[in-house]
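Notes for the one structure printed next.
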């Protein structure tokens with residue numbers, strides 16, 4: 038009983054601190070974009086990026102965080118954009134919904150405008166990579182947990 042209680046407390050504390058870290062990273066990234074791009078994580082562990090321009094909400098990129106590869110994240114000076122790429126095993130992992138054309142396309146990368154106050158998007162790329170890495174670690178821990186055996190019917 039005591040072990041179960043301690044394990045439950047430790048698990049809850051770890052999940053709470055993980056959620057706080059993720060929320061803090063999302064707040065920092067969203068603050069850099071000043072409303073032109075808004076990031077959030079949905080209940081399915083997908084990173085959602087809502088893109089806005091003068092006319093309003095024009096595109097939404099959605100990708101499962103586990104399919105992103107932080108090593109591929111980079112800044113493109115030609116496009117003045119932040120580029121996030123998929124893992125090789127999941128080549129078309131990014132869903133891009135373009136509202137004006139009423140179409141959803143799959144792509145191997147998400148191209149987002151660089152934030153105005155972040156030269157070469159170094160802080161943004163670092164935070165996005167840390168966010169994805171945190172989720173990868175949490176998912177790896179969840180897979181390595183020993184699942185309880187189902188109770189026998191009495």
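Residue numbers (this note's numbering): 38 to 191.
Ideal Cβ positions, reconstructed from N, Cα and C, are used throughout, including at glycine.
Of the other Cβ atoms in all chains shown, fewer than 16 fall within 10 Å of the Cβ of residue 181; this residue is therefore exposed. Per DSSP, the continuous beta strand (DSSP E) segment holding residue 98 begins and ends at 93-101. Taking C-beta separations shorter than 8 Å and ignoring five residues to either side along the sequence, the partners of residue 146 in its chain run 109, 120, 121, 122, 123 and 131, following chain order. Exclusion of the five residues before and after residue 170 leaves 107 as the residues of its chain whose Cβ lies within less than 7 Å of its Cβ. For residue 134, the uninterrupted beta strand (DSSP E) run begins and ends at 131-135, by DSSP.
Per the C-alpha coordinates, the member of 136, 80, 100 and 79 positioned closest to residue 92 is 136. Look at the beta carbons and you see the stretch 58-67 not touching the stretch 93-105: under three pairs across the two are nearer than 8 Å. Distances from the CA of residue 89 to each of 74, 138 and 70 were compared; the closest alpha carbon is that of 74. The residue from 80, 70 and 71 with its alpha-carbon nearest to that of residue 101 is 80.
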